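Asks: Using the working numbering, you'd call the opening residue of the sequence shown number 77 and step up by one each time.
Even for Gly, the Cβ is constructed at its ideal location relative to N, Cα and C.
All of these numbers come straight from a predicted model, not from anything done at the bench.
Once you've had a glance at the structure underneath, I'll fire off some questions.
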Amino acid sequence: MRIDKFLKNSRIIKRRTVAKEACEQGRISVNEKIAKPGTEVKVGDIIHVRCGNGSLSARVERLCDSVRKEDAAGMYTIID
């Protein structure tokens, strides 16, 4: 699954276009490598998101093309 789509489906970032822009600005990394919007993610990958003054690291737990709001948090585990 593409990183921009994963970020949107997991609700880490609200909109796919915002996720795409964050990737293009170099604020998203997958396994410590700067991610492009089309970068593929797999279960077990570590995603680091930098926005504003904060940052978030999460491990991909599962990939879902469509997910309900209640189940979105199960797609990842916060690391720090």
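Going by CA-CA distance only, name the one from 102, 136, 86 that's closest to residue 147.
Replies: Numbered from its first residue, the sequence shown carries residue 147 at position 71. Nearest C-alpha to residue 147: 86.
Asks: Which residues in the same chain have their Cβ closer than 6 angstroms to the Cβ of residue 114, if we skip the five residues on either side of it in sequence?
Replies: Stepping through the sequence shown from its first residue, residue 114 is reached at position 38. Cβ within range, chain order: 78.
Asks: Between the C-alpha atoms of residue 94 and residue 106, what's the straight-line distance to the nearest angstrom?
Replies: Translated into the one-based positions of the sequence shown, residue 94 becomes position 18. Translated into the one-based positions of the sequence shown, residue 106 becomes position 30. Their backbone Cα atoms lie some 17 angstroms apart in a straight line.
Asks: Please return the same chain residues whose Cβ sits closer than 7 angstroms to the Cβ of residue 102, not counting the five positions on each side in sequence.
Replies: Taking the first residue of the sequence shown as position 1, residue 102 is located at position 26. 110, listed in sequence order.
Asks: If you compare alpha carbons, which of 152, 104, 97 is closest to residue 130?
Replies: Numbered from its first residue, the sequence shown carries residue 130 at position 54. The shortest C-alpha separation from residue 130 is found at 104.
Asks: Go ahead and pull the three-state DSSP assignment for residue 120.
Replies: Within the sequence shown, residue 120 is the residue found at index 44, counting from 1. Coil.
Asks: According to DSSP, is residue 92 helix, strand or coil?
Replies: Along the sequence shown, read from residue 1 onward, the residue named residue 92 stands at position 16. Helix, per DSSP.
Asks: Is residue 145 buried or exposed, if buried means 16 or more other CB atoms sit within 10 Å of its CB?
Replies: Within the sequence shown, numbered from 1, the residue matching residue 145 stands at position 69. With fewer than 16 other Cβ atoms within 10 Å, it is exposed.
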